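Structure first, then comments.
Residue numbers (this note's numbering): 113 to 455.
Right under this line is the structure:
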């Protein structure tokens, strides 16, 4: 007799931008319908900015947001964690109902109780997880998040009802606003007021130009206006590499370097998409883009080597890579703008 599969697991795709949970979770969800999501995704994640105040070493970020409510064709409901605990005698029953309605659940939980995470049974660590499946007969939820050490994005990880209940019970207090809410995400979602999104080549061209010129021309957040935008992030990275050269310990968070790698990986995906839709010509562009990606990976590797075995020459080489990368990327961006088909 064949075993009956009683699991109800919502689909996820492997995200390209996986430097943090919000980018990864958003991409993993919306990439399940590429026809709807790719025009929006490729119109965004072009611009970068650097934080000169040095935000705990993680100072390079995408200028595009990845909050669920900003994604196309999504409907997002939110409950404060206090409401969840007071309104539902057993929140897990509510989770199960949502999942059976094909709704994803994003919530911050204590990873001390989440098997496979670096904090499991070692330390209290509240972090975002995405619940995307359930098997009531096996008493299991399936979650996406960051597992292993160092943490790497993965999905479909089983967590027992008992452990998830404990992780929810111990998740707090949390200072960040977004970590105090349960987000219920429905995708794809359409109603009469849902706007259609088409690829905006003019916006892409403007964003590429802003990045090339290091100008936040479309920046709407006044709190970020003094940040270092576009290619100027490499000048900031070079400054902090020089500081690390003089420091006894690494001071740059590897997420800053991973953001650069993700940025170039997504850049190549965008070029492939534009070329497939006859919106950009090749003429050596792919080779230039691959070279920029390769240089970024090498820069990342020099910084990793410095954390494995301290040697000043690693940082010196990383600085040279940063300088060369800025020059190479500038040439690549100029070529992109020249070959982009704008009607």
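Don't be surprised by glycine CBs; every beta carbon is placed ideally from N, CA and C.
Model, not experiment: these values are computed from the prediction.
Using the rule of at least 16 other Cβ atoms within 10 Å of the residue's Cβ for burial, across every protein chain shown, is residue 234 buried or exposed? Sequence index remark: in the chain shown, residue 234 carries index 122 (1-based). Residue 234 comes out exposed.
Along the chain, where does the alpha helix (DSSP H) containing residue 134 start, and where does it finish? For the purposes of this step, residue 134 is taken as residue 22 along the chain shown, with counting starting at 1. Here the alpha helix (DSSP H) through residue 134 covers 133-142.
Any idea if residue 303 is buried or exposed, counting beta-carbon neighbours within 10 angstroms, 16 or more meaning buried? Here residue 303 corresponds to residue number 191 of the chain shown, with the count starting at 1. Exposed, since its Cβ has fewer than 16 Cβ neighbours within 10 Å.
If the criterion is Cβ atoms closer than 7 Å, does the pair residue 216 and residue 297 meet it? Mapped onto the chain shown, residue 216 falls at position 104. Mapped onto the chain shown, residue 297 falls at position 185. Closer than 7 Å, so yes.
Compute the Euclidean distance between the alpha carbons of residue 327 and residue 161, then round it to the nearest angstrom. On the chain shown, residue 327 is found 215 positions in, with the first residue counted as 1. On the chain shown, residue 161 is found 49 positions in, with the first residue counted as 1. Spanning the two alpha carbons is a distance of roughly 10 Å.
Please state if the CB of residue 230 and the CB of residue 261 are separated by a distance shorter than 7 Å. Taking the chain shown and counting its residues from 1, the one referred to as residue 261 is at position 149. Taking the chain shown and counting its residues from 1, the one referred to as residue 230 is at position 118. Yes, the Cβ-Cβ distance between residue 261 and residue 230 is below 7 Å.
Would you mind sorting residue 414 into buried or exposed? The rule is 16 or more other CB atoms within 10 Å of its CB. Stepping through the chain shown from its first residue, residue 414 is reached at position 302. So residue 414 ends up on the buried side.
Inspect the beta-carbon positions of residue 158 and residue 317 and report whether they are closer than 7 Å. Walking along the chain shown from the start, residue 158 turns up at place 46. Walking along the chain shown from the start, residue 317 turns up at place 205. Cβ atoms of residue 158 and residue 317: not closer than 7 Å.
Confirm, please, whether the CB-CB distance from residue 254 to residue 245 is below 7 Å. In the chain shown, the residue the question calls residue 245 occupies position 133. In the chain shown, the residue the question calls residue 254 occupies position 142. Cβ atoms of residue 245 and residue 254: closer than 7 Å.
Here's the rule I'm using: 16 or more other beta-carbon atoms within 10 Å means buried, otherwise exposed. How should residue 127 be labelled? Numbered from its first residue, the chain shown carries residue 127 at position 15. It counts as buried.
Just to confirm my understanding: we take residue 212, look at its own chain, exclude 5 residues before and 5 after, and list those with CB closer than 8 Å. What are they? Along the chain shown, read from residue 1 onward, the residue named residue 212 stands at position 100. Same-chain partners within the cutoff: 120, 246.
Where the alpha helix (DSSP H) through residue 194 begins and ends: Numbered from 1 along the chain shown, position 82 holds the residue referred to as residue 194. Unbroken alpha helix (DSSP H) run through residue 194: 193-199.
Report yes if the C-beta distance between residue 225 and residue 278 is below 7 Å; otherwise report no. Within the chain shown, numbered from 1, the residue matching residue 225 stands at position 113. Within the chain shown, numbered from 1, the residue matching residue 278 stands at position 166. Contact flag set, yes.
Taking 7 Å as the limit between beta carbons, can you name the residues of its chain near residue 141, skipping five residues before and five after? In the chain shown, counting from the first residue as 1, residue 141 sits at position 29. Taken in chain order, the residues that qualify are 124, 216, 297, 299.
On the three-state DSSP scale, how would you describe residue 424? The residue labelled residue 424 in the question sits at position 312 within the chain shown. Reduced to three states, the DSSP call for residue 424 is helix.
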